[in-house]
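Enquirer:
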Amino acid sequence: MGYPHAPHPKETVVLSKYFGEPEARTYAGWVARGGYQGLEQVIGMDRGAIIDLVKASGLRGRGGAGFPAGLKWSFMPTEKRKPHYLCCNADESEPGTFKDREIMRWTPHQLIEGCAIAAYAIQADVTYIYIRGEFTDAYAIMERALAEAYEHGVLGPKAKGPLRDMQMYLHRGAGAYICGEETALMNSIEGRRGNPRIKPPFPAAAGVFGMPTTVNNVETLAAVPHIILRGADWYKGLCRSNPRSTGTKLLSVCGHVRRPGNYEVEMGFPLKDLLYDLCGGMRAGHELKAVIPGGSSVPMLSRDEAEACLLDYEGVVEQGSMLGSGGVIVFDDSVDIVYQVMRLARFYAHESCAQCTQCREGTAWTVRILQRILAGEGETRDLDLLLDVADNMTGKTICVLSDSCAAPVVSGIKKFRSEFEAYLHGARRPAVAVG
Amino acid sequence: MPLHDTKVYEPVFTGTRRERLDEMLSRYPTKRAALLPALWIVQETRGWVSDEAVAEVANELELTAAYVKGVVTFYTMYHQHPVGKYFIQVCTTTPCNICGAEGVVDALLEHTGCGELGATSPDGRFTVIEVECLGACGFATPVLINDEFLETVTPERVPEILERLG
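Top to bottom, those sequences are chains B and R. So the first sequence is residues 1 to 435, counted in our numbering. So the second sequence is residues 1001 to 1166, counted in our numbering.
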């Protein structure tokens, strides 16, 4: 449902069905709503069969990359020689994205069940749920739910069968966007600075503590119990456009719409309907200018592109961007694109872990050049300079934070060049003081 | 630590806090992995992470103080100096920025008496900082006051919110 708003008839509610119902947070409330049946069903099932079921459903990673979840699980060794780990990525920090927070706040047991099923399938002894440090309320709710899950024998000493030896812990982050990158997340769990690691080795070979590890996003894991219970064909049927994108997606919509919030729709849902029907359109007297469709790390779409865009992994690529995490940032005609591109670049400059030169220097210089332009001190060649810096930041670093900073710069200049030129030619008054 | 500082350092990890640390250590296969939780316990207890606390944590986890300091400085939520009784974090990243977050910052700076970002008010009660994306973009502007997460804060709501803190 479109929490914090009433459900909209065009939504397809699966994960978000109980958002807004505090009773669903408790073990009893969750069981009364059909919870933990998926977990019950998988115990005793062949592990390979569980992974095949998830593969067949077409579930893809909801954290941003869209990698097939079942395939990722299948990379884990089938013959267990060392401890295996599952890490649930609840470090949700991508500007524009706030779906995992709602899953944890309203349906913590949905996530615990998904984690337990995944941990069982990949033979993980320990699951760490890595929650960003700022999510104080989500952490407290998850902590209570996990204690209840142990108490009722969902897992741990009071559980029966293979779940007896399963351990699940929350691990609190401490303020670092980069820890949402899976290898940085593992370093952070190990008590290190959150610097991403060079891949390979991939986590399934050598992950957290050097052991075989799978890292999945909250929304991905929360979808798993539903797939187990209702089957791969049902999940595959939740698709409006490209059959390679299946299931429902939680879309976090923020910025200049009348009803911001989370909306759950089938893959392939038109962005236009999301903006104008579900979210109630723009504020009075304003028109749509641009949309960043998948969290701040993806290229922005012009109004025409946005209105033609279908929201699935392929549909957004067709319009020149990416579905990413499903964080939809909406800009109306009041937005100064140059200023907002600078603001996004400032975010990445702040969050760069600084181990790669292209990122450490590139993000900082991008901010400085944009601030110079905004202060009315830019030169025409600054746009080429920005694009050149962006080119040097793309595809050249250990992780993609650097590429993410380049995305709004390149797409902003490409699609709204006249706004940049207005500052350069003195047609627009400086927006920031000379710094 | 200045040479003339004769104040005796009271260890953090005693009593129930020692038990909590031991419980944390049981969750991981290495001592190092308990570092972030240990630093959280320090900050909850002392309000910030001093160099003496860094040394204590290093000793507990068999790490060097330099290593621990390196981790403390990486993560923005660990305070490296004392802050106000109420530590106020306001999100000003793009989605909140376009929804008026700057006005919330201005109202907080004015009503707390902090004057500028990062400074503590003269009465020692407040510190206000800007923070990058609190992950609640649909509830602009989110504000985190210590562990209390507030949504849809507007400049108009600021006086009432501060008053409630007492």
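C-beta atoms are modelled at their ideal positions from N, C-alpha and C, and glycine is treated no differently. On a predicted model such as this, the values are computed, not experimentally measured, just so you know.
In three-state DSSP terms, what is Asp-1123 (chain R)?
Expert: By one-based count along the second sequence, residue 1123 (chain R) stands at place 123. Asp-1123 (chain R) falls in the coil class under three-state DSSP.
Enquirer: Could you spell out the range, first to last residue, of the alpha helix (DSSP H) harbouring His-109 (chain B)?
Expert: For the purposes of this step, residue 109 (chain B) is taken as the residue at position 109 of the first sequence. Segment 108 to 121, the alpha helix (DSSP H) holding His-109 (chain B).
Enquirer: For a cutoff of 9 angstroms on Cβ pairs, would you count Leu-374 (chain B) as touching chain R?
Expert: In the first sequence, counting from the first residue as 1, residue 374 (chain B) sits at position 374. No - not a single Cβ of chain R is within 9 angstroms of the one on Leu-374 (chain B).
Enquirer: Near Glu-1163 (chain R), which residues of its chain fall below 6 angstroms by C-beta distance, leaving aside the five closest residues on each side in sequence?
Expert: On the second sequence, position 163 is the one that residue 1163 (chain R) refers to. Closer than 6 angstroms at the Cβ level, and outside the excluded window around Glu-1163 (chain R), lies no residue.
Enquirer: Do we get a CB-CB distance below 9 angstroms when we pair Asn-217 (chain B) with the residues of chain R?
Expert: Position 217 of the first sequence, counted from the first residue, corresponds to residue 217 (chain B). Not an interface residue.
Enquirer: Taking the beta strand (DSSP E) that Leu-250 (chain B) belongs to, which residues open and close that run?
Expert: Along the first sequence, read from residue 1 onward, the residue named residue 250 (chain B) stands at position 250. Leu-250 (chain B) -> beta strand (DSSP E) spans 248 to 255.
Enquirer: Got a sec? Which residues, its chain only, sit under 6 angstroms from Val-1054 (chain R) by beta carbon, not counting five neighbours each side?
Expert: Here residue 1054 (chain R) refers to the residue found at position 54 of the second sequence. If we look at Val-1054 (chain R) and ignore the five residues flanking it on each side, its Cβ neighbours are Ala-1065, Val-1068 and Lys-1069.
Enquirer: Who are the Cβ neighbours of Leu-146 (chain B) in its own chain at under 7 angstroms, not counting the five residues just before and after it?
Expert: Walking along the first sequence from the start, residue 146 (chain B) turns up at place 146. For Leu-146 (chain B), where only same-chain residues beyond five positions count, the Cβ hits under 7 angstroms are Ile-112, Met-168 and Leu-170.
Enquirer: Should Phe-209 (chain B) be flagged as near chain R, meaning a C-beta pair shorter than 9 angstroms?
Expert: As a first step, residue 209 (chain B) must be located in the first sequence, where it is residue number 209. Yes - at least one Cβ of chain R is within 9 angstroms of the one on Phe-209 (chain B).
Enquirer: Using the beta-carbon of each residue, which ones in chain R are nearer than 8 angstroms to Gln-340 (chain B)?
Expert: Start at 1 with the first residue of the first sequence, and residue 340 (chain B) comes out as number 340. Neighbours of Gln-340 (chain B) on chain R, chain order: Thr-1094, Asn-1097 and Ile-1098.
Enquirer: Alpha carbon to alpha carbon, how far is Phe-1149 (chain R) from Cys-1091 (chain R)?
Expert: Your numbering for residue 1149 (chain R) matches position 149 in the second sequence. Your numbering for residue 1091 (chain R) matches position 91 in the second sequence. So the two alpha carbons sit approximately 11 angstroms from each other.
Enquirer: Which residues in chain B have a C-beta closer than 9 angstroms to the C-beta of Gly-1084 (chain R)? List them in chain order.
Expert: Counted from its first residue, the second sequence places residue 1084 (chain R) at position 84. Within chain B, no residue comes near Gly-1084 (chain R); the closest Cβ sits about 18 angstroms away, beyond 9 angstroms.
Enquirer: Can you give me, in chain order, the residues of the region 187 to 206 of chain B that have a beta carbon less than 8 angstroms from any beta carbon in chain R?
Expert: Listed by position along the chain: Ser-188, Ile-189, Glu-190, Gly-191, Arg-192, Arg-193 and Gly-194.
Enquirer: What do you get for Ala-90 (chain B), buried or exposed, if any count of 16 or more other CB atoms within 10 angstroms of its CB means buried?
Expert: Position 90 of the first sequence holds residue 90 (chain B). Answer is buried; the Cβ neighbour count reaches 16.
Enquirer: Under 9 angstroms, Cβ to Cβ, is there at least one residue of chain R near Thr-136 (chain B)?
Expert: Reading the first sequence from its first residue, position 136 is the one you call residue 136 (chain B). Thr-136 (chain B) counts as touching chain R.
Enquirer: Cutting at 8 angstroms between CB atoms, please list the residues of its own chain near Ala-345 (chain B), excluding the five before and the five after it.
Expert: Position 345 of the first sequence holds residue 345 (chain B). Closer than 8 angstroms at the Cβ level, and outside the excluded window around Ala-345 (chain B), lie Thr-363, Thr-366, Val-367, Leu-370, Cys-405, Pro-408 and Val-409.
Enquirer: So which of B:Pro-225, B:Gly-295 and B:Lys-249 has the shortest CA-CA distance to His-109 (chain B)?
Expert: One-based indexing of the first sequence puts residue 109 (chain B) at position 109. For the residues B:Pro-225, B:Gly-295 and B:Lys-249, the minimum Cα distance to His-109 (chain B) belongs to B:Pro-225.
Enquirer: Establish whether the CB of Glu-182 (chain B) and some CB of chain R are separated by less than 9 angstroms.
Expert: Counting from 1 along the first sequence, the entry for residue 182 (chain B) is found at position 182. Not closer than 9 angstroms to any Cβ of chain R, the Cβ of Glu-182 (chain B) fails to qualify, so no.
Enquirer: Measuring only between beta-carbons, confirm whether Tyr-423 (chain B) sits less than 9 angstroms from chain R.
Expert: Position 423 of the first sequence, counting from 1, holds the residue named residue 423 (chain B). No, Tyr-423 (chain B) does not count as interfacial toward chain R.
Enquirer: Chain R partners of Tyr-169 (chain B), CB-CB under 7 angstroms?
Expert: Locating residue 169 (chain B) in the first sequence gives position 169, counting from the first residue. Going along chain R in sequence order, the residues near Tyr-169 (chain B) (Cβ under 7 angstroms) are Arg-1027.
Enquirer: Return yes when the Cβ of Leu-185 (chain B) is within less than 9 angstroms of the Cβ of Val-215 (chain B), no when it is not.
Expert: For this step, residue 215 (chain B) is matched to residue 215 along the first sequence. For this step, residue 185 (chain B) is matched to residue 185 along the first sequence. Going by C-beta atoms, Val-215 (chain B) is nearer than 9 angstroms to Leu-185 (chain B).
Enquirer: Using a 10 Å radius around the Cβ and a threshold of 16 neighbouring Cβ atoms, would you call Arg-193 (chain B) buried or exposed?
Expert: Reading the first sequence from its first residue, position 193 is the one you call residue 193 (chain B). Answer is buried; the Cβ neighbour count reaches 16.
Enquirer: When the Cα atoms are used, what is the spatial distance from Val-42 (chain B) to Gly-161 (chain B)?
Expert: Position 42 of the first sequence, counted from the start, is the residue given in the question as residue 42 (chain B). Position 161 of the first sequence, counted from the start, is the residue given in the question as residue 161 (chain B). Their Cα atoms are separated by approximately 12 angstroms.
Enquirer: Mind checking whether Ser-188 (chain B) and Tyr-130 (chain B) have CB atoms under 9 angstroms apart?
Expert: The sequence position of residue 188 (chain B) within the first sequence is 188, counting from 1. The sequence position of residue 130 (chain B) within the first sequence is 130, counting from 1. Yes. Within cutoff.
Enquirer: Does the Cβ-Cβ distance between Cys-254 (chain B) and Phe-75 (chain B) come in under 9 angstroms?
Expert: In the first sequence, counting from the first residue as 1, residue 254 (chain B) sits at position 254. In the first sequence, counting from the first residue as 1, residue 75 (chain B) sits at position 75. No, these two residues do not count as a Cβ contact at 9 angstroms.
Enquirer: Got a sec: is the Cβ-Cβ distance from Val-1071 (chain R) to anything in chain B below 9 angstroms?
Expert: The residue you call residue 1071 (chain R) lines up with position 71 of the second sequence. With 9 angstroms as the cut-off, Val-1071 (chain R) counts as an interface residue toward chain B.
Enquirer: Hey, does Phe-420 (chain B) have any beta-carbon neighbour from chain R nearer than 9 angstroms?
Expert: Taking the first residue of the first sequence as position 1, residue 420 (chain B) is located at position 420. Judged by the 9 angstroms Cβ criterion, Phe-420 (chain B) is not in contact with chain R.
Enquirer: How big is the Cα-Cα spacing for Thr-1017 (chain R) and Arg-1125 (chain R)?
Expert: Residue 1017 (chain R) sits at position 17 when you count from the first residue of the second sequence. Residue 1125 (chain R) sits at position 125 when you count from the first residue of the second sequence. It is worth fixing the name first, because residue 1017 (chain R) is Arg in this sequence and not Thr. Their Cα atoms are separated by approximately 26 angstroms.
Enquirer: Please list, in chain order, all residues of the same chain as Tyr-139 (chain B) whose beta carbon is under 7 angstroms from its beta carbon, the five residues on each side excluded.
Expert: Here residue 139 (chain B) corresponds to residue number 139 of the first sequence, with the count starting at 1. Around Tyr-139 (chain B): Ile-131, Leu-170 and Arg-172.
Enquirer: Buried or exposed for Tyr-1009 (chain R), please, with buried defined as at least 16 other CB atoms from any protein chain shown within 10 angstroms of its CB.
Expert: Residue mapping note: residue 1009 (chain R) aligns to position 9 of the second sequence, counting from 1. The residue in question, Tyr-1009 (chain R), is exposed, as its Cβ has fewer than 16 Cβ neighbours within 10 Å.
Enquirer: Between the region 232 to 247 of chain B and the region 54 to 61 of chain B, can you find at least three pairs of beta-carbon atoms closer than 8 angstroms?
Expert: Yes: at least three Cβ pairs fall under 8 angstroms.
Enquirer: Should Thr-380 (chain B) go down as buried or exposed, given a rule of 16 or more other Cβ atoms within 10 Å for buried?
Expert: Position 380 of the first sequence, counted from the start, is the residue given in the question as residue 380 (chain B). Thr-380 (chain B) comes out exposed.
Enquirer: In or out: Lys-289 (chain B) buried (at least 16 other Cβ within 10 Å) or exposed?
Expert: Locating residue 289 (chain B) in the first sequence gives position 289, where the first residue counts as 1. Per the 10 Å Cβ criterion, buried.
Enquirer: Between which two residues does the alpha helix (DSSP H) carrying Met-142 (chain B) extend?
Expert: Here residue 142 (chain B) corresponds to residue number 142 of the first sequence, with the count starting at 1. Taken as a continuous stretch (DSSP letters only), the alpha helix (DSSP H) holding Met-142 (chain B) covers 136 to 151.
Enquirer: For Ala-1140 (chain R), go through chain B and note every residue whose CB falls closer than 9 angstroms to its CB, in chain order.
Expert: As a first step, residue 1140 (chain R) is located in the second sequence; it is residue number 140 there, counting from the start. Those within 9 angstroms of Ala-1140 (chain R) in chain B are Cys-254, Gly-255 and Pro-260.
Enquirer: In chain order, what residues of the same chain have a beta carbon less than 8 angstroms from the beta carbon of Pro-1155 (chain R), not counting five sequence neighbours either side?
Expert: Along the second sequence, read from residue 1 onward, the residue named residue 1155 (chain R) stands at position 155. Closer than 8 angstroms at the Cβ level, and outside the excluded window around Pro-1155 (chain R), lie Gly-1100, Gly-1103, Val-1104, Asp-1106 and Ala-1107.
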